[in-house]
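Here the structure is laid out as structure tokens; the discussion comes afterwards.
Protein chains: 2
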Amino acid sequence: MSDIVTAVGTPNIALIKYWGKRDEKLILPTNSSVSMTLDEQLNTKTSVLFSNRLKEDRVYINGELQNTRGTEVGERLVCLDILRRIAKDKRHALVVSENSFPTGSGFASSASGLATLVYAASKGLGLRLSGKEMSIVARRGSGSACRSLMGGMVRWRKGVKADGSDSYAEQITKPDHWPELMNVVGILSASKKKFSSRAGMRQTERTSILYRSRMAYVEDAASRLTAALKKRDFQTLGEITMRDSNNMHSVMLDTWPPLFYMNDNSKEVIYKVHELNESEGKIIAAYTFDAGPNPHILTLRRNVNKVTRLLDEVDAVQKVLKLSMGNGPRILDRSESLIDERSLKPFKN
Amino acid sequence: MSDIVTAVGTPNIALIKYWGKRDEKLILPTNSSVSMTLDEQLNTKTSVLFSNRLKEDRVYINGELQNTRGTEVGERLVCLDILRRIAKDKRHALVVSENSFPTGSGFASSASGLATLVYAASKGLGLRLSGKEMSIVARRGSGSACRSLMGGMVRWRKGVKADGSDSYAEQITKPDHWPELMNVVGILSASKKKFSSRAGMRQTERTSILYRSRMAYVEDAASRLTAALKKRDFQTLGEITMRDSNNMHSVMLDTWPPLFYMNDNSKEVIYKVHELNESEGKIIAAYTFDAGPNPHILTLRRNVNKVTRLLDEVDAVQKVLKLSMGNGPRILDRSESLIDERSLKPFKN
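Note that the protein sequences, when read in sequence, are chains P and Y.
For the numbering used here, add 64 to where a residue sits in the first sequence, where the first one is 1.
For the numbering used here, add 64 to where a residue sits in the second sequence, where the first one is 1.
This is how it looks when you write it as structure tokens:
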């Protein structure tokens with residue numbers, strides 16, 4: 065009987081942003097963040113096999129064997145090592161992972177990828193970890209990944225302990241609490257410049273004059289957003305979301321040298337969202353931007369068409385995704401395995 | 065004998081920016097600012113006549129008689145009223161003003177225009193005001209105008225008094241202290257959006273979460289910049305200048321709703337300046353942006369060609385101006401008068 069475990073997981077979009085670490089190695093954030101787990105239109109599928117037949121860890125992403133010294137695989141190995149330590153199991157792992165993301169979608173595949181890996185590998189090692197425990201493991205690979213271990217709306221508590229044991233993700237509302245909430249994403253034509261988020265946030269912490277001021281406001285914003293979510297108050301949610309996105313991009317610009325992730329197309333969408341809300345007399349659409357130019361526009365299901373039309377008017381928007389609330393990672397049937405157990409390689413497509 | 069007085073004055077470029085007022089009516093700033101007065105390549109020429117023959121104030125700008133209720137002329141009337149009160153003179157004034165600025169240059173003609181008006185009108189009323197005194201009058205018309213009343217590098221002290229008597233401009237270095245210092249300006253193709261600075265800064269004060277943090281840092285930055293100017297230390301001057309520009313644009317973005325004055329072309333120039341400085345191993349060029357997308361690049365005379373080449377590489381740059389340090393406003397010969405004394409109108413061109 066095979067020990068292969070296959071899981072699927074998804075990215076999340078932060079409404080209160082994570083930008084800055086209080087501990088680089090343990091990946092402990094300087095502030096709490098809140099996100100929406102997205103549905104499986106964008107997903108990572110991952111199969112994991114722990115086996116004595118393996119002489120070393122092997123990680124394939126989108127069909128390519130990864131160099132074990134690379135950053136992206138490094139994050140995965142950190143998580144595997146932690147799980148093996150918990151399971152007291154020294155077997156090496158074969159990991160085969162496929163992202164469904166459209167090229168240039170600007171979605172950080174690391175959140176989706178690491179959450180799914182941790183989910184599959186925990187099961188593969190026979191561990192029965194809670195979402196909270198798995199989120200702590202995923203956090204060590206890539207901070208924002210910890211928020212993709214569960215569905216609905218999720219809060220990553222910054223925690224205060226030096227060992228990171230109180231810095232984990234927790235579900236604040238279930239997926240069915242507010243199923244009308246959607247995230248309409250405009251995928252822009254590929255942009256030229258891209259700064260690494262990891263290096264970028266380090267620069268911000270070290271150099272931004274305004275960063276402390278962001279830190280002084282953001283915990284309260286996270287609490288106010290959480291309260292708005294619980295009450296399904298889109299007005300408040302929308303305003304806090306947009307302002308926090310602007311606030312994060314402000315401290316990025318205040319970094320030395322400055323970091324820019326939005327571009328003129330992002331700005332055009334921002335203007336249009338403010339115009340739409342003004343013409344409606346209330347907030348029906350709320351933009352947010354991660355470390356990239358693609359607009360994510362939160363809205364309620366009944367207003368998705370208005371938001372889609374808005375994005376269609378922006379020349380540079382190549383594609384529009386209408387994403388709803390996701391349920392978090394889940395185990396797939398054996399038949400969905402990506403691993404050929406005989407050759408210990410990915411199945412050929 | 066004619067009482068017509070004609071003067072010429074110039075704009076200034078702020079290295080430490082003015083963005084926010086502690087008193088809207090008296091135009092008292094929330095922070096001190098520092099600027100470079102520019103040479104006469106860009107200038108305003110203004111003739112003023114006080115005469116009993118006039119039944120009301122009349123202001124012509126670029127040949128057009130201004131509506132006396134308009135903002136731009138309103139600023140001028142405020143200054144004229146103050147000067148008349150000081151001079152105990154109730155005669156009305158005829159003002160004829162011409163800006164040499166290229167269309168869409170993005171230079172606030174108000175600084176140059178108001179400084180020149182106050183300079184000419186003081187003389188026209190027979191007043192012998194100091195630069196400091198004239199700067200207080202010009203400030204009441206438009207804040208940044210007070211820095212154009214003198215040449216060289218100028219500091220506008222924010223002051224603390226409620227009546228504004230200690231909020232004035234003072235020369236911190238003479239024009240000949242550092243004549244090598246230049247400002248190379250890239251004029252971009254006209255941009256679409258423009259927010260009024262007056263309304264914009266009010267919004268920032270009221271809504272920006274990060275604004276207080278800017279206020280907490282900027283007085284010290286103004287002092288450090290002043291010290292760097294005195295020592296002719298371009299490294300320090302350059303870094304403080306770039307960071308303060310980024311910092312101001314950060315609080316603009318953090319305003320609700322957000323304000324954007326830079327665009328992707330501005331950003332391209334920022335990248336290129338950082339690349340140039342990196343390749344030189346030191347700061348030889350320092351960008352700064354006012355409430356608009358046009359880059360102003362401070363550099364020393366020997367590096368002007370490198371900076372010009374950099375700007376030439378940016379497609380959207382339509383024109384490059386190489387501006388040196390200016391001497392401040394001065395009185396022109398009678399023969400340069402713009403006023404036809406018989407008709408009490410501007411001379412026909």
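Using N, Cα and C, we set each Cβ at its ideal position, and we do this for glycine too.
Which chain Y residues are close to Trp320/P, counting only those with a beta carbon under 7 Å from its beta carbon?
-> Result: Arg307.
Contact check, Ala179/P vs Ala209/P under 8 Å by CB: the rounded distance?
-> Beta-carbon to beta-carbon, Ala179/P and Ala209/P are separated by about 5 Å, close enough to satisfy the 8 Å threshold.
7 Å CB neighbourhood of Ile334/P in its chain, flanking five on each side removed = Tyr351, listed in sequence order.
Residues of chain P with a CB under 8 Å from the CB of Asn95/Y: which are they?
-> None at all; the shortest Cβ gap to chain P is about 13 Å.
Mind listing the chain Y neighbours of Ile41/P? Cutoff is C-beta to C-beta under 8 Å, in chain order.
-> Nothing about residue 41/P can be read from this structure; chain P reaches only from 65 to 413.
Should Arg278/P be flagged as near chain Y, meaning a C-beta pair shorter than 8 Å?
-> Under the 8 Å criterion on CB atoms, Arg278/P is classed as interfacial with respect to chain Y.
So, helix, strand or coil for Leu340/Y, using DSSP?
-> In the structure shown, Leu340/Y sits in a helix (DSSP, three-state: H, G or I).
State buried or exposed for Lys222/P, treating a residue as buried only when at least 16 other CB atoms are found within 10 Å of its CB.
-> Looking at its Cβ environment, which holds 16 or more other Cβ atoms inside 10 Å, Lys222/P is buried.
Beta-carbon proximity of Ile77/Y to Val248/Y, cut-off 8 Å = In this structure, Val248/Y does not lie closer than 8 Å to Ile77/Y by Cβ.
Phe298/P - containing alpha helix (DSSP H), residue span = Taken as a continuous stretch (DSSP letters only), the alpha helix (DSSP H) holding Phe298/P covers 298 to 317.
Using a beta-carbon distance below 8 Å, is Phe259/P in contact with chain Y?
-> Interface flag for Phe259/P against chain Y is unset, since no Cβ pair is found closer than 8 Å.
Show which residues of chain P have a CB atom less than 7 Å away from the CB atom of His313/Y.
-> Going along chain P in sequence order, the residues near His313/Y (Cβ under 7 Å) are Leu317.
Spatial neighbours of Glu283/Y in its chain, beta-carbon cut-off 7 Å, leaving aside the 5 residues before and after | These residues qualify, in order along the chain: Asn95, Ser96.
Selection from Ser261/P, Gly356/P, Glu400/P, Gly195/P that minimises the alpha carbon distance to Gln235/P = Ranking the options by Cα distance to Gln235/P, first place goes to Gly195/P.
With DSSP run on the structure shown, which of helix, strand or coil describes Val226/Y?
-> Rather than Val, the amino acid found at residue 226/Y in this sequence is Ala. For Ala226/Y, the three-state secondary structure derived from DSSP is coil.
Buried or exposed: which applies to Asp121/Y, given that a residue is buried once 16 or more other Cβ atoms fall within 10 Å of its Cβ?
-> Buried.
Contact with chain P by Leu274/Y, beta-carbon distance below 8 Å = Closer than 8 Å to some Cβ of chain P, the Cβ of Leu274/Y qualifies, so yes.
Nearest candidate by alpha-carbon position, reference Val378/Y, set Lys331/Y, Thr290/Y, Ile200/Y, Asp67/Y = The candidate whose alpha carbon is nearest that of Val378/Y is Lys331/Y.
In three-state terms, what does DSSP make of Ile334/P?
-> In the three-state DSSP reduction, Ile334/P falls in the helix class (H, G or I).
Residue-chain proximity (Asn369/Y, chain B), Cβ-Cβ < 8 Å = Reference to chain B is not applicable here, since the protein chains of this structure are P and Y.
Leu79/P beta carbon less than 8 Å from that of Thr305/P | Result yes, Cβ atoms of Thr305/P and Leu79/P sit closer than 8 Å.
According to DSSP, which residues form a beta bridge with Ser161/Y?
-> Bridge partners of Ser161/Y: Thr110/Y, Ile125/Y.
Proximal residues, the stretch 325 to 337 of chain Y versus chain P, C-beta separation under 8 Å = Flagged, chain order: Asn327, Asp328, Lys331, Ile334, Tyr335.
Candidates Glu303/P, Arg262/P, Glu104/P, Leu144/P, of which the one nearest Phe165/P by Cα = Out of Glu303/P, Arg262/P, Glu104/P, Leu144/P, Glu104/P has the C-alpha closest to the C-alpha of Phe165/P.
Closer than 7 Å by beta-carbon distance: list the chain P residues that pair up with Asn310/Y, in chain order.
-> Within 7 Å Cβ-Cβ: Leu317, Asp318, Pro322.
Going along chain Y, which residues have a C-beta under 9 Å from Tyr281/P?
-> Simply Ile273, Leu274.
Bridge partner(s) assigned by DSSP for Ile251/Y = Under DSSP, the beta-bridge partners assigned to Ile251/Y are Lys383/Y.
Based on Cα-Cα distance, which residue from Ile403/P, Val72/P, Trp83/P, Val160/P lies nearest to His313/P?
-> The candidate whose alpha carbon is nearest that of His313/P is Trp83/P.
For Glu88/P and Lys225/P, the rounded distance between their alpha carbons | C-alpha separation (whole angstroms): 14 Å.
Whole angstroms is fine: what's the gap from Ala280/P's alpha carbon to Gly392/P's?
-> Taking the straight line from one Cα to the other gives about 31 Å.
Beta-carbon separation (whole angstroms), Ser74/Y vs Ser199/Y, contact threshold 8 Å = The sequence shown places Thr at residue 74/Y, rather than the Ser named in the question. So it is not a contact: roughly 15 Å between Cβ atoms.
Based on Cα-Cα distance, which residue from Ile348/Y, Lys119/Y, Leu92/Y, Lys154/Y lies nearest to Asp230/Y?
-> When Ile348/Y, Lys119/Y, Leu92/Y, Lys154/Y are compared, the shortest CA-CA separation from Asp230/Y is found for Leu92/Y.
Cβ-Cβ distance between Phe353/P and Tyr325/P below 8 Å | If you check the CB distance, Phe353/P and Tyr325/P come in under 8 Å.
Beta-carbon contacts of Leu408/Y that lie in its chain and below 6 Å, excluding the five residues immediately before and after | The answer, listed in chain order, is Leu158.
Sequence-distant residues of the same chain with beta carbon closer than 6 Å to Met217/P, five excluded per side | Closer than 6 Å at the Cβ level, and outside the excluded window around Met217/P, lie Met100, Ile236, Thr237, Leu293.
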